[in-house]
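Following: one structure in structure tokens, then a few remarks.
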Amino acid sequence: MELDYGFDFEDRFPSMIARLGAEGFIGELCNGFRLLMDVNKGLITFESLKKNSLRLGLEVRDDELACMLMEGDLDGDGALSQMEFCILMFRLSPCLMDKQKLWM
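Numbering follows full-length UniProt numbering, with no gaps: position 51 of the sequence shown is 51.
Shown next as structure tokens:
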């Protein structure tokens with residue numbers, strides 16, 4: 001299922017890496033994870049993603065939220081760990097995948 005949020009996507013990760021360096025970029029990914037996670041479980045759950053998306057001003061349908069979680073859920077527990085979140089972010093950045101040798 002392709003998600004359509006009504007706006008064009010611009011991959012800003014490569015410019016973030018250029019500005020922050022690899023370690024700084026990973027730190028920012030971790031900050032993003034913490035912003036969306038359930039603080040009691042240490043995971044991004046359906047409920048935490050829904051609640052925190054609304055907090056950020058995004059109105060996302062339940063089926064879209066479920067699809068987002070399924071896309072990154074590698075261990076099948078229905079939630080995203082920090083590692084799964086970071087892997088998903090890398091996979092969703094076509095520019096990062098093309099230029100990974102430049103910063104690794």
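Cβ coordinates follow ideal geometry from the N, Cα and C atoms, glycine included.
Would you call the CB atoms of residue i and residue j closer than 8 Å?
i   : j   : result
D81 : L43 : The identity of residue 81 in the sequence shown is Ser, whereas the question assumes Asp. Contact flag set, yes.
L74 : F46 : no
F33 : C95 : no
R93 : D11 : Correcting the residue type first, residue 93 is Ser in the shown sequence and not Arg. Taking 8 Å as the Cβ cut-off, S93 and D11 qualify as a contacting pair.
Rounding to the nearest angstrom, what Cα-Cα distance links residue i and residue j in this structure?
i    : j   : result
R61  : E23 : 33 Å
L88  : F25 : 15 Å
L65  : R19 : 30 Å
W103 : A79 : With a pLDDT of 48 at W103, under the threshold of 50, the modelled position of that residue is not reliable, and no figure is offered here.
K41  : L49 : 13 Å
E84  : G72 : 6 Å
C67  : M16 : 26 Å
Is residue i near the ligand GTP - that is, is its Cβ less than 7 Å away from at least one heavy atom of it?
i   : result
R55 : This structure does not include the ligand GTP; it has no bound ligands of any sort.
What are the partner residues of residue i, as DSSP defines its beta bridges?
i   : result
D38 : L43
G80 : Note on identity: in this sequence residue 80 is Leu, with Gly being the wrong assignment. In DSSP, L80 forms a bridge with I44.
Have a look at the options and flag the residue whose alpha-carbon is nearest the alpha-carbon of residue i.
i   : options               : result
L36 : S93, S53, G27 and L65 : S53
N31 : D63, S15 and C86      : C86
With 16 other CB atoms within 10 Å as the buried threshold, where does residue i fall?
i   : result
L58 : exposed
L56 : exposed
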